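Novice: Shown below is the structure under consideration.
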Amino acid sequence: MKKIGLYIHVPFCVRKCYYCDFVSFPHHGDKVRAYLAGLERELELYHHLLTTVKISTIYLGGGTPSCLSPAELAVLFALLDRHIKREHCLEMTMECNPGTISRAKLQAMKAVGVNRVSLGVQALQDEHLARLGRTHKLAEVYQSYEMIRRAGFKNVNIDLMFALPYQTLKEWETTLTGIMDLEPEHISLYNLVFEKGTQFYHWQRDKRLPPIDEELDLAMYQLALDLLPLAGYRQYEISSFAPRGLECRHNLTYWYNEPYLGLGPGAHSSSGKVRWANAGSLEEYLAALQGGRKPVVEREELSVELQRAETIILGLRLKEGLGRQSFRERFQGDICSIYAKSMAKLQGQGLLKVTPRRVSLTAKGLLFANQVFLEFLPG
Amino acid sequence: MGLSVRELERQQKIRNFSIVAHIDHGKSTLADRILEHTGALSEREMTEQVLDTMDLERERGITIKLQAVCLQYKARDGKTYTLNLIDTPGHVDFSYEVSRSLAACEGAILVIDAAQGLEAQTLANVYLALEHDLELIPVINKIDLPNADTNRVKRELETVLGLDGEEAILASAKTGEGIEEILEALVRRLPPPRGNPASPPRALIFDSHYDPYRGVVAYVRVVEGTLRPGMSIKMMAGGGTFELAEVGIFRPDPSPVAELSVGEVGFVIAGVKNVKDCRVGDTITDADNPAAEPLPGYQQITPMVYCGLFPVDSNDYQALREALERLRLNDAALVYEPDNSAALGFGFRCGFLGLLHMEIVQERLEREYLLELITTAPSVKYQITDTTGKIKYVDNPVDFPPQQEIATLAEPFVRATIIAPSTYVGPVMELCQDNRGEFRNMEYADENRVVLTYDLPLSEIIYDFFDLLKSRTRGYASLDYEYLGYREANLVKLDILINGELVDALSSISHRDQAYYRGRELVDKLRGLIPRQMFDIPIQAAVDNRPIARETVRALKKDVLQKCYGGDVTRKRKLLERQKEGKKRMKQVGSVEVPQEAFMAVLKIK
Chain A
62 MKKIGLYIHV PFCVRKCYYC DFVSFPHHGD KVRAYLAGLE RELELYHHLL TTVKISTIYL
122 GGGTPSCLSP AELAVLFALL DRHIKREHCL EMTMECNPGT ISRAKLQAMK AVGVNRVSLG
182 VQALQDEHLA RLGRTHKLAE VYQSYEMIRR AGFKNVNIDL MFALPYQTLK EWETTLTGIM
242 DLEPEHISLY NLVFEKGTQF YHWQRDKRLP PIDEELDLAM YQLALDLLPL AGYRQYEISS
302 FAPRGLECRH NLTYWYNEPY LGLGPGAHSS SGKVRWANAG SLEEYLAALQ GGRKPVVERE
362 ELSVELQRAE TIILGLRLKE GLGRQSFRER FQGDICSIYA KSMAKLQGQG LLKVTPRRVS
422 LTAKGLLFAN QVFLEFLPG
Chain B
37 MGLSVRELER QQKIRNFSIV AHIDHGKSTL ADRILEHTGA LSEREMTEQV LDTMDLERER
97 GITIKLQAVC LQYKARDGKT YTLNLIDTPG HVDFSYEVSR SLAACEGAIL VIDAAQGLEA
157 QTLANVYLAL EHDLELIPVI NKIDLPNADT NRVKRELETV LGLDGEEAIL ASAKTGEGIE
217 EILEALVRRL PPPRGNPASP PRALIFDSHY DPYRGVVAYV RVVEGTLRPG MSIKMMAGGG
277 TFELAEVGIF RPDPSPVAEL SVGEVGFVIA GVKNVKDCRV GDTITDADNP AAEPLPGYQQ
337 ITPMVYCGLF PVDSNDYQAL REALERLRLN DAALVYEPDN SAALGFGFRC GFLGLLHMEI
397 VQERLEREYL LELITTAPSV KYQITDTTGK IKYVDNPVDF PPQQEIATLA EPFVRATIIA
457 PSTYVGPVME LCQDNRGEFR NMEYADENRV VLTYDLPLSE IIYDFFDLLK SRTRGYASLD
517 YEYLGYREAN LVKLDILING ELVDALSSIS HRDQAYYRGR ELVDKLRGLI PRQMFDIPIQ
577 AAVDNRPIAR ETVRALKKDV LQKCYGGDVT RKRKLLERQK EGKKRMKQVG SVEVPQEAFM
637 AVLKIK
């Protein structure tokens, strides 16, 4: 039986953060009810698939799944109980934001089988939290973390952001060490990007926010690369750090380019050969489901060249890189002979490391990953 | 052999004329009115400005290719006259063509805008016309304009040109006023053509164009003798012999006739495959009964401005070659040869009559043949005398010998005539000095306007001289120039090195005193255009292998998409694909990727 990862998008937040370009809407009781009804229909439409695969990971992302009320969460979890077999599920993650969780919610999460919590902390300075449009303060970070631990969760990830407007290297160091002191099992780091359509994008364009200082951005990333391993956090992917054995299995599905099913508005899915995406608007998503149709709005069949390119691009994000044997099995050819010219160039530039068994980014390649990825794209 | 009375009478009733004017003074509109008035075209048939047929001409409001029209006019004396209107291009790039057209006429209408007055081209046209002993009929046009000042224009005609201001006809091509008077003046003031219809034929080619079905159509003025289909004709300068298939006149549509005789203007078709074999200025004669001497004034056209044309996509090289071949069928002045640049790959080195001619060719290649091109900086042809005394001509900076092998360098000079309101004399003189101009003369056209004469290096004019002149005089100055010849100059080759590698396509020739400034500007501009890469990229300007300016494109610190979750792989891939597309359009110089705009930058530096 085929193994897949299951992603469920919960598109509600207390309020949208100024930098965020994910599909999310302000929490509203009627909308949540409609969404949950839609999700149930979507689960029904995928009934056959969901009962004929092994679901090895589940990821409840958002949005802020934890901003649902205890009653709404109960409905969501009941849906999972009814529609999703979890006997093969090794990891079930739910994203939470500080200030939106309670003991009752955490207990319900435990009961449904959530065994990993991803907490969106982002920074440890009230000034930066406020500027980002986060709805929580520093004190709530500690309260929430404490609550999660007390509820018995043994696997916690903390999301952090760097290269924030006006953020100093010292502040970033304080954030990193502060988080390391909390000893979460996993840490994820993202540099701020001014994504089109966000508040931050407009503010930056109107010069109300300073542009990103690339030197500082690099120094902050470098600081994390230096500091985190000292506390046992091994970088296993461009943005992910964890002790060996505590890597996020669900995300590994993406990096290995293995199949996953995404449900909910704006969710993405991949069979390896086909990628598809749901409507991002709640109305469109619901309308399709009410009509008995899957809410898919984009569908792309990938040529073998693209499948190969994506497998390489995703695989190289991992520190260990890409296994040449599994690549050969999947594509009937050695990566080093198919891309001989590009590989030689990249090796010459000191961006790529090739061993008999693996191909991976060098330390420099990690910083210029896009330059490497470009070489493998067709055309 | 005596002439028959009928023959004499026919010749007596022919008038061949051109219309000359400064740009925008209303030449084309006036021509339209004349066509309309003589019934050559009904009003409905007239699109606007019939004589300019190329799209580009209409857009730019200038005439590039010449046309000729045969009109019938019943004059007040009761007789019907044949008026041949020979159009002339209105730009200094094409002054040789203008001179050949004027050589085909007995007179010219000189159009002057009643509000603008005399302009530089007006002067140039008058001098050309007088060189050919043409009878001039000054016409003050646009008298319907509220700011028309006919008295001022009359004074200018007298003081600057020595013409009788009172003889000028007041007209408005817009309202039709004065058109009849102009036609009468053509009949009364212009002499009929002279020449013997029984002599061996001599016909002047004043234009030609390539027709894909019929081959070259040559526009001729018969000066002596008669041309008939079936004759074997010979190009006296080009040397080719052809069977004359058809002769005809334009009314204004081409209409075949039995013969073209003395004084007549029309077209000749003789199965010529290429305009090169049927050059403007050549004389057609009877191969079996040739004239002793060709008509005077024939010149081999030589390009004045050169540049490299390279396809952005190197796969388009063959398409570019074919497009140039086709353009040349119709444009004997366009020359090109294969060129190979280390930075830009395979392309062509092309020679043009001038900057406008260059722009027109580029635009046609891009518009009609859908080619994307990179153009290198325009250059003139330099005369180099090496230390052994050998002289050679070089139009491509790449071919410049090392400085130590050069004994003397010379560059083409032109004599520029600039007419400007006297309040702008300061800025205009300053501009000329800045461009290494040598002052020659200054005189007043009237109390408000000045005619300045400067000798200037052609290389300075082909950059942005004209634009600067316009901007410094708020558009009031006009410019015309004529070629003078070579003069010695202190020139150097300015090289650009990117990451230590010389980029041939960015080299240019500069006066030694300006090289430093140009080098600085260019390097600074390139720094802004070359995207940051994984390493620092030094950009240097150098003269004689000595660096004179340097900037650095700082290395990119990192290039990685950090955020990549939720499984939205397609979007990340699309971002990468866009990045790759951008890279593909760049040219590889050593290990540095250089965008096209960088090669354009050198065009804009002064």
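Residue numbers (the working numbering), protein chains in the order written: chain A, 62 to 440; chain B, 37 to 642.
Just so you know, even glycine gets a beta-carbon here, dropped at the ideal spot from N, CA and C.
Note that the structure is predicted; figures quoted are calculated from it, not measured.
On the DSSP letters alone, give me the boundaries of the alpha helix (DSSP H) that B/Gln354 sits inside.
Specialist: Here residue 354 of chain B refers to the residue found at position 318 of the second sequence. Here the alpha helix (DSSP H) through B/Gln354 covers 353-365.
Novice: In or out: B/Pro448 buried (at least 16 other Cβ within 10 Å) or exposed?
Specialist: As a position in the second sequence, residue 448 of chain B is number 412, starting the count at 1. Buried, because 16 or more other Cβ atoms sit within 10 Å of the Cβ of B/Pro448.
Novice: Suppose only complete runs of 3+ residues qualify. What are the beta strand (DSSP E) ranges in the segment 203-230 of chain A, listed by chain order?
Specialist: As far as the segment 203-230 of chain A is concerned, its whole beta strand (DSSP E) runs of at least 3 residues are 217-223.
Novice: Taking the alpha-carbon positions, what's the A/Leu193 to A/Lys146 distance?
Specialist: Stepping through the first sequence from its first residue, residue 193 of chain A is reached at position 132. Stepping through the first sequence from its first residue, residue 146 of chain A is reached at position 85. The straight-line gap from Cα to Cα measures roughly 38 Å.
Novice: Who are the neighbours of A/Ala430 on chain B, taking C-beta pairs under 8 Å?
Specialist: Locating residue 430 of chain A in the first sequence gives position 369, where the first residue counts as 1. Result: Asp595, Val596, Leu597.
Novice: Can you look up A/Cys309 in the DSSP assignment and give me helix, strand or coil?
Specialist: Start at 1 with the first residue of the first sequence, and residue 309 of chain A comes out as number 248. The answer is coil: DSSP assigns A/Cys309 none of H, G, I, E or B.
Novice: How do the segment 459-474 of chain B and the segment 434-442 of chain B stand: do at least 3 beta-carbon pairs fall below 8 Å, yes or no?
Specialist: Output reads no: the segment 434-442 of chain B does not touch the segment 459-474 of chain B.
Novice: For chain A, is any of its Cβ atoms less than 9 Å away from the one on B/Asp604?
Specialist: Numbered from its first residue, the second sequence carries residue 604 of chain B at position 568. It does; some Cβ of chain A falls within 9 Å.
Novice: For B/Gly425, tell me which candidate among B/Thr444, B/Glu537, B/Lys417, B/Leu172 has the shortest Cα-Cα distance.
Specialist: Mapped onto the second sequence, residue 425 of chain B falls at position 389. Taking only the C-alpha atoms, the option nearest B/Gly425 is B/Thr444.
Novice: Spatial neighbours of B/Lys646 within its chain, please: CB distance less than 6 Å, with the 5 preceding and 5 following residues excluded, ordered by chain position.
Specialist: For chain B, the structure presents residues 37 to 642; residue 646 of chain B sits outside this window and is missing.
Novice: A/Ala254 versus chain B: which residues are under 7 Å apart at the beta carbon?
Specialist: What you label residue 254 of chain A is simply residue 193 of the first sequence in a count that begins at 1. A small correction: the amino acid at residue 254 of chain A is Val; Ala does not occupy that position in the sequence shown. Ordered by position in chain B, the residues that pass the 7 Å Cβ test against A/Val254 are Lys599.
Novice: Distance, Cα to Cα, B/Ala26 vs B/Lys49?
Specialist: No information on residue 26 of chain B is available, as it lies outside the stretch 37 to 642 that chain B covers here.
Novice: Alpha carbon to alpha carbon, what distance is there between B/Asp149 and B/Thr99?
Specialist: If you number the second sequence from 1, residue 99 of chain B lands on position 63. If you number the second sequence from 1, residue 149 of chain B lands on position 113. Residue placement at B/Thr99 is poorly supported in this model, since its pLDDT is 44, which falls under 50; the coordinates are not used for a value here.
Novice: For B/Phe635, name the three-state secondary structure that DSSP assigns.
Specialist: Taking the first residue of the second sequence as position 1, residue 635 of chain B is located at position 599. Residue state, collapsed to three classes: helix.
Novice: How would you write the range of the alpha helix (DSSP H) that B/Pro463 sits in, first residue to last?
Specialist: In the second sequence, counting from the first residue as 1, residue 463 of chain B sits at position 427. Here the alpha helix (DSSP H) through B/Pro463 covers 461-470.
Novice: Take A/Arg418 and list the residues in its own chain whose beta-carbon comes closer than 8 Å to its own, dropping the five residues that flank it on each side.
Specialist: Locating residue 418 of chain A in the first sequence gives position 357, where the first residue counts as 1. The answer, listed in chain order, is Gly384, Arg385, Gln386.
Novice: Which bits of chain B does A/Asp278 rub up against, with CB to CB less than 9 Å?
Specialist: Taking the first sequence and counting its residues from 1, one reaches residue 278 of chain A at position 217. Those within 9 Å of A/Asp278 in chain B are Lys593, Lys594.
Novice: Using the beta-carbon of each residue, which ones in chain B are nearer than 7 Å to A/Tyr321?
Specialist: As a position in the first sequence, residue 321 of chain A is number 260, starting the count at 1. Gly603, listed in chain order.
Novice: What does the Cβ neighbour count give for B/Ile427, buried or exposed, with the cut at 16 atoms within 10 Å?
Specialist: As a first step, residue 427 of chain B must be located in the second sequence, where it is residue number 391. B/Ile427 comes out exposed.
Novice: If you draw a straight line from the alpha carbon of A/Cys74 to that of B/Tyr405, how long is it in whole angstroms?
Specialist: Translated into the one-based positions of the first sequence, residue 74 of chain A becomes position 13. Translated into the one-based positions of the second sequence, residue 405 of chain B becomes position 369. Answer to the nearest angstrom: the Cα atoms are 55 Å apart.
Novice: Would you mind working out which of B/Tyr132, B/Ile122, B/Thr74, B/Arg621 sits nearest B/Ala111, comparing C-alpha positions?
Specialist: Walking along the second sequence from the start, residue 111 of chain B turns up at place 75. The option with the nearest alpha carbon to B/Ala111 is B/Thr74.
Novice: Can you pull the chain B neighbours of A/His329, defined as C-beta to C-beta under 8 Å?
Specialist: For this step, residue 329 of chain A is matched to residue 268 along the first sequence. Going along chain B in sequence order, the residues near A/His329 (Cβ under 8 Å) are Gly602, Gly603, Asp604, Val605, Thr606.
Novice: Name the chain B residues whose beta carbon is nearer than 7 Å to that of A/Glu156?
Specialist: Stepping through the first sequence from its first residue, residue 156 of chain A is reached at position 95. The premise fails here: A/Glu156 is roughly 10 Å from chain B at the closest Cβ pair, so nothing lies under 7 Å.
Novice: What number of angstroms, rounded off, separates the C-alpha of A/Ser174 from the C-alpha of A/Met153?
Specialist: Taking the first residue of the first sequence as 1, we reach residue 174 of chain A at position 113. Taking the first residue of the first sequence as 1, we reach residue 153 of chain A at position 92. Correcting the residue identity first, residue 174 of chain A is Gly in this sequence and not Ser. Cα to Cα, the separation comes out at about 7 Å.
Novice: Does the beta carbon of A/Glu152 come closer than 9 Å to any beta carbon on chain B?
Specialist: Within the first sequence, residue 152 of chain A is the residue found at index 91, counting from 1. Not one chain B Cβ lies under 9 Å of A/Glu152.
Novice: To the nearest angstrom, how far is it from the Cα of A/Tyr107 to the Cα of A/Gln408?
Specialist: As a working note, residue 107 of chain A is residue 46 in the first sequence. As a working note, residue 408 of chain A is residue 347 in the first sequence. Rounded to the nearest angstrom, the two C-alpha atoms are 45 Å apart.
Novice: Suppose contacts are defined by Cβ-Cβ distances below 9 Å. Is A/Ile69 in contact with A/Leu111 by that definition?
Specialist: Numbered from 1 along the first sequence, position 8 holds the residue referred to as residue 69 of chain A. Numbered from 1 along the first sequence, position 50 holds the residue referred to as residue 111 of chain A. The answer is no: Cβ separation not under 9 Å.
Novice: What does A/Phe434 touch in chain B if you count any residue whose Cβ is under 7 Å from its own?
Specialist: As a first step, residue 434 of chain A must be located in the first sequence, where it is residue number 373. Ordered by position in chain B, the residues that pass the 7 Å Cβ test against A/Phe434 are Leu612.
Novice: Exposed or buried, what is A/Met62 when buried is set at 16 or more other beta-carbons lying within 10 Å of its beta-carbon?
Specialist: Taking the first sequence and counting its residues from 1, the one referred to as residue 62 of chain A is at position 1. Classification of A/Met62: exposed, given that the 10 Å Cβ count is below 16.
Novice: Since A/Ser387 is in the alpha helix (DSSP H), which residue starts that stretch and which ends it?
Specialist: On the first sequence, residue 387 of chain A is found 326 positions in, with the first residue counted as 1. Counting along the chain, the alpha helix (DSSP H) containing A/Ser387 begins and ends at 385-392.
Novice: Which residues, in order along the segment 367-379 of chain A, keep a beta-carbon less than 9 Å from a beta-carbon of chain B?
Specialist: The segment 367-379 of chain A vs chain B, Cβ under 9 Å: Leu367, Ala370, Glu371, Ile374, Leu375, Arg378.
Novice: First and last residue of the beta strand (DSSP E) that includes B/Met271?
Specialist: The residue labelled residue 271 of chain B in the question sits at position 235 within the second sequence. Segment 268-271, the beta strand (DSSP E) holding B/Met271.
Novice: Does the contact criterion of 3 or more C-beta pairs under 8 Å hold for the segment 219-227 of chain A versus the segment 182-193 of chain A?
Specialist: A contact exists between the segment 219-227 of chain A and the segment 182-193 of chain A.
Novice: Give the residues from the segment 564-575 of chain B that approach chain A closer than 8 Å (Cβ to any Cβ), ordered along the chain.
Specialist: Cβ contacts with chain A: Met570.
Novice: How big is the Cα-Cα spacing for A/Leu438 and B/Gln103?
Specialist: What you label residue 438 of chain A is simply residue 377 of the first sequence in a count that begins at 1. What you label residue 103 of chain B is simply residue 67 of the second sequence in a count that begins at 1. Those two C-alpha atoms are separated by around 55 Å.
Novice: Assuming contact is defined by CB atoms lying nearer than 9 Å, are B/Tyr163 and B/Ile337 in contact in what I supplied?
Specialist: For the purposes of this step, residue 163 of chain B is taken as the residue at position 127 of the second sequence. For the purposes of this step, residue 337 of chain B is taken as the residue at position 301 of the second sequence. No, Cβ-Cβ distance for B/Tyr163 and B/Ile337 is not below 9 Å.
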